[in-house]
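J.: Pasting in a structure now, in structure tokens, and then I'll have a few things to ask.
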Amino acid sequence: MNVKTFEKEEIIVSVDGKLLTSSMYEPSLRKCHDAATTIKAPDKSEMGKQTTERKIEEERKRSSSIEDEQAAVFQEERDQLRADAKRRIEEIQIRNKRAYNRRRKKATAYRTGDLVAIERMQRGPGLKLHPKFLGPYRVIKVLRNDRYIVQREGEHEGPRTTSTAADHMKWWNADDSDVSASGDDEHI
1 MNVKTFEKEE
11 IIVSVDGKLL
21 TSSMYEPSLR
31 KCHDAATTIK
41 APDKSEMGKQ
51 TTERKIEEER
61 KRSSSIEDEQ
71 AAVFQEERDQ
81 LRADAKRRIE
91 EIQIRNKRAY
101 NRRRKKATAY
111 RTGDLVAIER
121 MQRGPGLKLH
131 PKFLGPYRVI
141 KVLRNDRYIV
151 QREGEHEGPR
161 TTSTAADHMK
171 WWNADDSDVS
181 ASGDDEHI
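Once you know that position 45 of the sequence shown is 45 in the working numbering, the rest is easy, because the numbers rise by one and skip nothing.
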């Protein structure tokens with residue numbers, strides 16, 4: 001707010017609710033103005049600038065080296081945690097494998113040309129009274145991990161060629177089939 005007086009113009013400033021005039025601030029303003037306009041020798045002003053820049057650069061290097069050190073410590077701790085977790089997981093897997101294999105028998109090994117029956121995989125309504133195994137099937141190829149490619153022998157229900165695992169197979173026994181070899185209907 002500008003207030004005109006008869007002598008000269010004064011600026012009224014309000015600081016924390018107190019009204020102050022510009023004449024009260026004049027000495028301190030003059031000091032600030034003089035300090036800003038004081039001319040220094042060029043070598044001193046440049047030296048101060050270089051010193052300040054050097055200090056800033058040193059501070060950056062110091063802080064970046066501290067950050068690098070902290071990052072290295074953090075990464076080292078993280079790697080240690082990962083190694084511990086990996087070791088624990090391997091121990092648990094070994095323990096679980098031992099417990100799983102304890103009551104498990106070895107899979108039956110079949111050779112190419114063997115006759116087998118395969119387990120019916122499709123369950124559903126109306127299949128409750130159907131046989132649980134389909135066959136006969138002939139083993140045509142032995143795969144790894146107790147897996148086999150089998151092909152249907154004769155005309156019966158089931159896929160023509162399929163892959164199956166040993167735990168879903170059994171030896172084909174002619175007595176297991178629903179069709180009797182003699183064709184007699186003894187059970188009617």
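Ideal Cβ placement from N, Cα and C applies to all residues, glycine included. Just so it is clear, the structure is predicted and the values come from calculations on it, not from any experiment.
Give me, in chain order, the residues of the same chain whose beta-carbon lies closer than 7 Å to that of E157; leave out the 5 immediate sequence neighbours on both sides.
T.: The count along the sequence shown starts at 1 and reaches residue 157 at position 157. Closer than 7 Å at the Cβ level, and outside the excluded window around E157, lie L134.
J.: Pull up the distance between the alpha-carbon of T112 and that of V139, whole angstroms please.
T.: Your numbering for residue 112 matches position 112 in the sequence shown. Your numbering for residue 139 matches position 139 in the sequence shown. Cα to Cα, the separation comes out at about 5 Å.
J.: Taking just the CA atoms, how far does R102 sit from R95?
T.: Reading the sequence shown from its first residue, position 95 is the one you call residue 95. Reading the sequence shown from its first residue, position 102 is the one you call residue 102. Roughly 11 Å between the two C-alpha positions.
J.: Assign E121 to one of two classes, buried (16 or more other C-beta atoms within 10 Å of its C-beta) or exposed (fewer than that).
T.: Taking the sequence shown and counting its residues from 1, one reaches residue 121 at position 121. Looking at the sequence provided, one finds Met at residue 121 rather than Glu. So M121 ends up on the exposed side.
J.: Cα separation between R82 and A99?
T.: Indexing the sequence shown from 1 puts residue 82 at position 82. Indexing the sequence shown from 1 puts residue 99 at position 99. Rounded to the nearest angstrom, the two C-alpha atoms are 26 Å apart.
J.: Is the separation between the beta-carbon of T161 and that of Y148 shorter than 8 Å?
T.: Position 161 of the sequence shown, counting from 1, holds the residue named residue 161. Position 148 of the sequence shown, counting from 1, holds the residue named residue 148. Result no, Cβ atoms of T161 and Y148 do not sit closer than 8 Å.
J.: Restricting to Cα atoms, I'd like to know which of R60, V150, G124 is closest to A117.
T.: Position 117 of the sequence shown, counting from 1, holds the residue named residue 117. A117 has its Cα closest to that of V150, out of R60, V150, G124.
J.: Taking DSSP's pairing of strands, which residues face L115 in a bridge?
T.: For the purposes of this step, residue 115 is taken as residue 115 along the sequence shown, with counting starting at 1. BP columns for L115 point to R138.
J.: Report all residues from its chain with a CB closer than 8 Å to the CB of G154; omit the five preceding and five following residues, and keep chain order.
T.: Residue 154 sits at position 154 when you count from the first residue of the sequence shown. Cβ neighbours of G154 beyond the five flanking positions: P136.
J.: In this structure, what does DSSP give as the bridge partners for N171?
T.: For this step, residue 171 is matched to residue 171 along the sequence shown. Checking the displayed sequence, the identity of residue 171 turns out to be Trp instead of Asn. Answer by DSSP bridge pairing, in chain order: V116.
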